[in-house]
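Everything in the sequence shown is counted per the UniProt record's numbering, starting at 1 for the first residue and increasing by one.
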Amino acid sequence: MSIRLGIRKGEMMNDFRAFVLDLVDGQTKMEVKQLSANDLPDGDVTIRVAFSSVNFKDGLATIPNRIIKTYPLIPGIDLAGTVIESQDERFREGDPVIVTSYELGVSHHGGFSEVARVPAKWVVPLPNGLNLREAMILGTAGFTAALSVQRLEENGLQPAQGPVLVTGATGGVGSVSVDILSKIGYEVVASTGKTSEHEYLYQLGAKQVIHREEVVASEQKPLRQQRWAGAIDPVGGKTLEYVLSTIQYGGSVALSGLTGGTDVSTTVHPFILRGVNLLGIDSVYCPMKVREKVWKRLATDLKPKKLNENIVDEISLEELPEVLSKILKGQIRGRTIVKM
């Protein structure tokens, strides 16, 4: 039976601030606005947001009609906060919770807001070992990195098998992947086009840093020298083409992104001659049972060592336009969180 906990709708809060995207004459308008509870969408759980985080997908949301189809909308595909009100008996007023992905910040008002209301089926209890700030330093990017590591290990990856490549290593998924993999004993090779960030990657635990041009397919070859026991690739495109052709026999690539493009030209050879596995990593509709397991691991054995150090920058709602522009240009290092 559905029950309501906390205080009644309409009495739950004063006006709150939110970062709102609108479409005006074909151009995106970004504005921090005062809203009320009546502006929130339907949902079972209302949350006082403490932190959100900035992901590449949030940057895409600022491109007119790219991933957002209905305006105005509050973007932000991540949030962490405490329950104000719940119609679901699993959650009570004051509970710390996490919400990432699903339709949040895409077709449903998202995390760049001091208050959010969401379906209960999207809500994950904050696991012991993480606070709300740490949960958003991780966010979708950290969740994707941990899910990638888990899938690679489920497909047989072990530290003794050799080096693991992380492409796009200074981005959110890449940075957390380097940190997690090094923590649990892997030899990590990180690729980046940012020569100024090599020291940053070494601090996260990379054993070697190489230029991204070294892992881009400049000519089409079905197979190259075997180099990596496995790889985490949030880039795609020509990078994925190269990585597939250089994975060791029986190794796997965890693919989660498209910053290098959506088109991939390959052959069947890596798969039928070397037994390579291409693992699609979806953080958006990942089943809740798997989602909760990954978050629990992020609070324990997969919790990054550098989580509260130089991997994160903290901003306000007013600073979002500049940061969202920079993330689309590949100018953001690590993770950026929004403090409400």
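Beta carbons: idealized from backbone N, C-alpha and C, even for Gly.
- According to the DSSP assignment, PHE56 belongs to the alpha helix (DSSP H) that extends over 56-60.
- Around the beta carbon of VAL166, 16 or more other beta carbons sit within 10 angstroms, so the residue counts as buried.
- With a 10 Å radius around the Cβ and a threshold of 16 neighbouring Cβ atoms, THR170 comes out buried.
- Per DSSP, TYR249 is one residue of the beta strand (DSSP E) stretching across 247-255.
- In the DSSP assignment, MET136 falls outside any beta strand (DSSP E) and lies within the alpha helix (DSSP H) extending over 132-154.
- Here HIS109 is buried: its Cβ has 16 or more other Cβ atoms, across all protein chains shown, within 10 Å.
- DSSP places LEU104 within a strand segment (E or B) once states are collapsed to three.
- In this structure, DSSP gives ASN310 a state outside helix and strand, which the three-state scheme calls coil.
- Boundaries around MET288 are those of the alpha helix (DSSP H), 288-298, since no beta strand (DSSP E) includes it.
- If you check the CB distance, SER325 and GLY59 come in under 9 Å.
- Annotated as distal: ALA217 and VAL164, with beta-carbon spacing of 9 Å or more.
- According to the DSSP assignment, LEU204 belongs to the alpha helix (DSSP H) that extends over 198-204.
- Membership of LYS326 in the alpha helix (DSSP H) is indicated by the continuous run 320-328.
- Around the C-beta of SER316, fewer than 16 other C-beta atoms lie within 10 Å, and the residue is accordingly described as exposed.
- In this structure, THR144 sits away from ILE327, with a CB-CB distance that is not shorter than 9 Å.
- Exposed is the label assigned to THR70, since fewer than 16 other Cβ atoms lie within 10 Å of its Cβ.
- A distance below 8 Å between beta-carbons, with the five flanking residues on each side excluded, links GLY26 to the following residues of its chain, in chain order: PRO64.
- Separation of LYS194 and HIS211 (C-alpha to C-alpha, rounded to the nearest whole angstrom) is 8 Å.
- By the C-beta density criterion, GLU219 is exposed, having fewer than 16 other C-beta atoms within 10 angstroms.
- Between the stretch 287-298 and the stretch 264-279, the count of C-beta pairs closer than 8 Å stays below three; the two stretches do not touch.
- Using a Cβ distance threshold of 9 Å, LEU307 and ILE74 do not count as a contacting pair.
- In this structure, LEU320 sits near PHE19, with a CB-CB distance shorter than 9 Å.
- In this structure, ILE98 lies near VAL123, with their beta-carbon atoms less than 9 Å apart.
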